[in-house]
Structures are given as structure tokens and as C-alpha cells.
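The sequence shown begins at 486 in this note's numbering and counts up by one.
Worksheet: one structure, shown below.
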Amino acid sequence: MNAPLPTRQLREQLYSDMAPHHLTPLWEVLHALVPPQPKTPCVPAFWKYEQVRPYLMRAGEVITAEEAVRRVLILENPQLRGQSAVTQSLYAGLQLILPGEVAPSHRHTQSALRFIVEGSGAYTAVDGERTVMHPGDFIITPSWTWHDHGHEADQPVVWLDGLDIPMVRFFDAGFAQNDTSRSQQVTRAEGTSFARYGHNMAPVRATSPYGRTSPIFSYPYERSREALEQLERSAPIDEWDGTKLRYVNPLTGGWPMPTIGTFLQKLPAGFGGKGWRQTDGAVYSVVEGEGEVTISAGEQEWRYAFGPRDHFVVPSWHTARLASATGCVLFSFSDRPVHEALGIHTEERLS
Ligand code: GTQ
Numbered sequence: 486m487n488a489p490l491p492t493r494q495l496r497e498q499l500y501s502d503m504a505p506h507h508l509t510p511l512w513e514v515l516h517a518l519v520p521p522q523p524k525t526p527c528v529p530a531f532w533k534y535e536q537v538r539p540y541l542m543r544a545g546e547v548i549t550a551e552e553a554v555r556r557v558l559i560l561e562n563p564q565l566r567g568q569s570a571v572t573q574s575l576y577a578g579l580q581l582i583l584p585g586e587v588a589p590s591h592r593h594t595q596s597a598l599r600f601i602v603e604g605s606g607a608y609t610a611v612d613g614e615r616t617v618m619h620p621g622d623f624i625i626t627p628s629w630t631w632h633d634h635g636h637e638a639d640q641p642v643v644w645l646d647g648l649d650i651p652m653v654r655f656f657d658a659g660f661a662q663n664d665t666s667r668s669q670q671v672t673r674a675e676g677t678s679f680a681r682y683g684h685n686m687a688p689v690r691a692t693s694p695y696g697r698t699s700p701i702f703s704y705p706y707e708r709s710r711e712a713l714e715q716l717e718r719s720a721p722i723d724e725w726d727g728t729k730l731r732y733v734n735p736l737t738g739g740w741p742m743p744t745i746g747t748f749l750q751k752l753p754a755g756f757g758g759k760g761w762r763q764t765d766g767a768v769y770s771v772v773e774g775e776g777e778v779t780i781s782a783g784e785q786e787w788r789y790a791f792g793p794r795d796h797f798v799v800p801s802w803h804t805a806r807l808a809s810a811t812g813c814v815l816f817s818f819s820d821r822p823v824h825e826a827l828g829i830h831t832e833e834r835l836s
């Protein structure tokens, strides 16, 4: 014989009696805890560069890079306001440095990528080497390496910062330190890391100088674009992605950063891509050309017409489609390396 089912009242009594002991019933939340499919609080969002830029330049008038330490406007997901997050796991921001400025040296366990959006001639220094920025370059600041940014040319320089800040916060694993000097000492000639690691060769007794992070400091746009250009002419175009490559750590063949995967893709003129969805939410930076992204989830649909320097986010398990009349080049980053490390990356390509 089964015992009679507890009534709602008996259950509520149980819940409130045990609450002071920090106990709560699973069965009331199980469905939400283990959803049938990913259910992100994030929404798609779009930042048109011509709308963002005036605010960045105003930031340049009201605070120096030195005073701000990093003069950045954070791209916040509209549903995660106040959390400095563009997705649940990733941070994105647009950083401005003006001629003559220095963003002082510090280090932190959070890993950073820089994707140059506007202007040339600023530099970032990591571990004694400087690299000068050009639009479209993808630059890495490995975890716990000293880094400062400076600018000795004559135009404002803006780049996209992508960091794993929310992920490191989730794991409560963040450490940070300020350097004793504003700018670190240069101890290696510019281009040293690229000469060592950027030509499908490596030092004979290469150890990985930054652990699981790529030893390539800057992946120049010129080289990445050239690869896409040639492939677009000579190889089949993927119906979902156009021509898309991922950046690699040359010592492992794996992702360039342990927490962030980065990609560059080229859509040919007249491209009308098929839809896909995947568990890793991604941030896009438009490099060249115009196009359109359509994002949908359930009944909702978002459609953004993009041009150079615009940014948008495609959250986890939202269906996205790309199209371009003119052809375009897109950079993107996501937390895919972590999904893969955990064995939970899922992708669906719709026909
Ligand atoms: O350049 O070191 O956008 O530490 C956020 C935190 C940039 C940086 C950001 C940072 C940096």
C-alpha cells in the first residue's frame, strides 16, 4: 500500500521548516535546472559602429587612458545589464587609445583578445614584446602576462576586447596585479614571436611559453585574409559559413586561447547562407563589406543589416543565418574551446 500523497500544504510546510537549514526541494526546480534544450537569458544584440563611435570619442574627452586604466565601453547583453557580460561566459568591449596615451601595465588571470577595429599605429606590449596594431589584426594577451597599451601615431585607435571575465568570475579564479612601471621594458624585437611561430615552423626545442595559449602574439589580418581570399576562389564555399577558418595555436593545432575560440570568415558576393545553431554564443566584428544576419529563437526573430566595424552577438542555441550581397569578412569569437573541453559542444546545421 502506498502512503497517501502529501498535500500541497504539507509540502509547503516541509519547505518552510527546512529553509533555515539551507535545504530546498529539487523537484520544484528540476525542469528549469535540466532544461530539454539550452535556454539562455541572453538575447541577440547589435551595436552599429556609427552609433557607438561618438560615445567612445566622448569618453576620450572626459577621461584619459591612464586615469581609466582601460578606456573601454563594454558591450553588455541587454538582458545581462550590470554584469559586464555579452554572453553568460564572455565579455566584450571597445577600447579607445588616443595619440600619446599609455594604458598602464598590469596582469590578470583573465585572457584577452584584441581585434583591431579602427586606426593604426597603437601598440600593445606583452612579455617584453610590442606589436603595432593594424585593422583586422587578432592579438592575444595570455593569462597572467604583463600588458600595457600605448600610442605613438596620430589617429585614434579602437579595438574590440574579448575576455573570459564572466567565466573566470564563475570559477572564482581571478587574480590581478598592477605593474610597478607604467610601460614594461621592451626586451624582444617586434615580430619575434611571429618569426618563431607564425610560419609553420617552430623553435627546435620549443616549449610553450604561455602554457595553453598560443605563442603567436599577433595574427596579422593580411595573412588571414589572403587565405580566405584564395580559398574563396579555389575551394567549395560552405553553405552555412561561406569560407571560414579558425585561428590555431601552432604548437598544438588547437585553439589559440584555452577559453576563447576565434574565427575569420568571408562570404562571397550574393551569399545567402543556411541556418545553424550551436551551444557556444558568439560575438561578431564586421571587418569589410555589408551583409545581414537573421537570428531566431522560438517565435522571435532579429534581423540586423551590418557594415564595417559593426558588432553583434548570437547567443547560445539561437538559429542564425548570414547573407551578403556585396561579400564581406567577419571576425568572431566564442567560448567553444570550453564547450569542447567539457564534451558538451553541440551544433545543428539546418538544411
Ligand atoms: O586591456 O587589459 O576591456 O584588463 C577589460 C579588462 C581590457 C585590458 C578590458 C582589461 C583590459
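Glycine residues also receive a C-beta, built at the ideal position from the N, C-alpha and C atoms.
Nearest-angstrom Cβ-Cβ length linking residue 687 and residue 730, presumed shorter than 8 angstroms
About 20 angstroms separates the two Cβ atoms, so there is no contact after all.
Once DSSP output is grouped into helix, strand and coil, what is the label at residue 872? Coverage of the chain is limited to positions 486 through 836, which leaves residue 872 absent and any answer about it impossible.
Please tell me whether, using a cut-off of 7 angstroms, the distance from the CB of residue 578 to the nearest non-hydrogen atom of the ligand FAD is below it. The ligand FAD is absent from the structure shown, which contains only the ligand GTQ.
query = Is the region 690 to 710 touching the region 653 to 667 in the sense that three or more CB pairs, one from each, lie closer than 8 angstroms?
reply = Not touching, per the Cβ criterion.
**Asked** Does the beta-carbon of residue 795 have 16 or more other beta-carbons within 10 angstroms, so that it is buried, or is it exposed?
**Response** Residue 795 should be labelled buried.
Quiz item: If residue 596 and residue 626 are in contact, beta carbons under 8 angstroms, what's the gap, nearest whole angstrom?
Solution: 7 angstroms
For this session: With distances taken Cα to Cα, identify the nearest neighbour of residue 778 among 615, 772, 757, 642.
Result: 757
**Request:** Kindly examine the ligand GTQ and report whether one of its heavy atoms sits closer than 7 angstroms to the Cβ of residue 648.
**Result:** yes
Tell me, to the nearest whole angstrom, how far the beta carbon of residue 541 is from that of residue 558; I am working on the premise that it is less than 8 angstroms.
6 angstroms
- Thinking residue 762 and residue 833 are a contact (beta carbons under 8 angstroms), I'd like their distance in whole angstroms, please. 5 angstroms
So residue 739 and residue 669 are in contact, right, with Cβ under 8 angstroms, and what is the actual spacing, rounded?
Not confirmed; about 28 angstroms, so no contact.
- Message: Using 8 angstroms for Cβ pairs, my map puts residue 565 next to residue 529. What's the rounded Cβ distance?
- Response: Contact doesn't hold; Cβ gap of about 13 angstroms is too wide.
Rounding to the nearest angstrom, what Cα-Cα distance links residue 514 and residue 562 in this structure?
25 angstroms
Q. Just to confirm, does residue 654 get its C-beta within under 7 angstroms of one of the non-hydrogen atoms of the ligand GTQ?
A. For the ligand GTQ, not one heavy atom lies less than 7 angstroms from the Cβ of residue 654.
Item to complete: Check whether the Cβ atoms of residue 805 and residue 760 sit closer than 8 angstroms, and answer yes or no.
Response: yes
Notebook entry, point to check: Is it the case that the Cβ atoms of residue 751 and residue 724 are separated by a distance below 8 angstroms?
Noted result: no
Less than 7 angstroms separating the Cβ of residue 597 from some heavy atom of the ligand GTQ?
yes
Tell me whether residue 617, by its Cβ, gets closer than 7 angstroms to a heavy atom of the ligand GTQ. Checking the Cβ of residue 617 against the ligand GTQ gives no.
Contact check, residue 771 vs residue 815 under 8 angstroms by CB: the rounded distance?
6 angstroms
*Please say whether residue 602 and residue 571 have beta carbons closer to each other than 8 angstroms?*
Against a cut-off of 8 angstroms, the Cβ pair of residue 602 and residue 571 comes out as no contact.
Open item on the list: Let's test the definition: count the other Cβ atoms within 10 Å of the Cβ of residue 532 and tell me whether it reaches 16, buried, or not, exposed.
Closed with: buried
Exercise. Counting along the chain, where does the beta strand (DSSP E) carrying residue 506 start and finish?
Worked result: Element bounds for residue 506: n/a, residue is neither H nor E.
Using C-beta distances below 8 angstroms, list every residue in its chain close to residue 591, excluding the 5 sequence neighbours before and after it, in chain order. In its chain, beyond the 5 residues on either side, 554, 631, 632, 633, 661, 662, 663, 664 have a beta carbon closer than 8 angstroms to the beta carbon of residue 591.
- Query: So does residue 556 have its beta carbon nearer than 7 angstroms to some heavy atom of the ligand GTQ?
  - Reply: Not so, every heavy atom of the ligand GTQ lies at least 7 angstroms from the Cβ.
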